[in-house]
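Residue numbers (this note's numbering): 4 to 208.
Where a beta carbon is used, it is the ideal one built from N, C-alpha and C, also for glycine.
Beneath this line is the structure, given in structure tokens, with notes to follow.
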């Protein structure tokens, strides 16, 4: 199997996973629109690229740090707290029901971007996934730098395209959603984020 196909399959596997990142994308798109959803996606993608570059260039140096118990504990607890706060925010916030009256300030876009960046960065699965991929191919299979770059580029490309599809799909489907549907989705998303956060905190302790 070629490196490109392996990267394609790995990216599709990650794209099909449901979790905090999926919720952040779809909920923002449903409530705020396509552009804010894509801004959240941009934060996620930049977070992925930064993590990939760190792993790609410094995996030998940071492997011991990532495996240390203190790093795992504080990263896990920080992630748990942020996910729980996001979840509580979704439960308490009344969804915007009239999409035509939404006016997004320029200052709001940084908040959308930061939301995507933080949700992805504090998610331990992000580090585990990229560390597993890079260490497997760099150390386990001893692929060349060009092959590894092709693999990682393919995975990130699939992630970006799939996230954009999720945003546009959510924005398209909201035309058929009633205010009650939006409220249910927001509450369900909040509950799922809180459960993710509690589970992460439990596994970290």
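Boundaries of the alpha helix (DSSP H) in which residue i is found, first to last residue
i	result
residue 156	148-176
residue 134	127-138
residue 36	Looking at the DSSP string, residue 36 is not in any alpha helix (DSSP H), and its letter there is neither H nor E.
residue 145	Segment: none, residue 145 is in no alpha helix (DSSP H) and carries neither H nor E.
residue 13	6-18
Neighbour-count burial assignment, residue i, 16 or more Cβ in a 10 Å radius
i	result
residue 194	exposed
residue 23	buried
residue 145	exposed
residue 124	buried
residue 115	buried
residue 106	Here residue 106 scores only 49 on pLDDT, less than 50, and its place in the model should not be relied on; the value that follows carries that caveat. Its Cβ having fewer than 16 others within 10 Å, residue 106 is exposed.
residue 120	buried
residue 14	buried
residue 187	exposed
residue 130	buried
residue 117	exposed
residue 50	buried
CB contact flag (residue i, residue j, <7 Å)
i	j	result
residue 153	residue 141	no
residue 44	residue 57	no
residue 18	residue 147	no
residue 41	residue 161	no
residue 36	residue 157	no
residue 190	residue 88	no
residue 54	residue 179	no
residue 92	residue 197	no
residue 32	residue 174	yes
residue 77	residue 163	no
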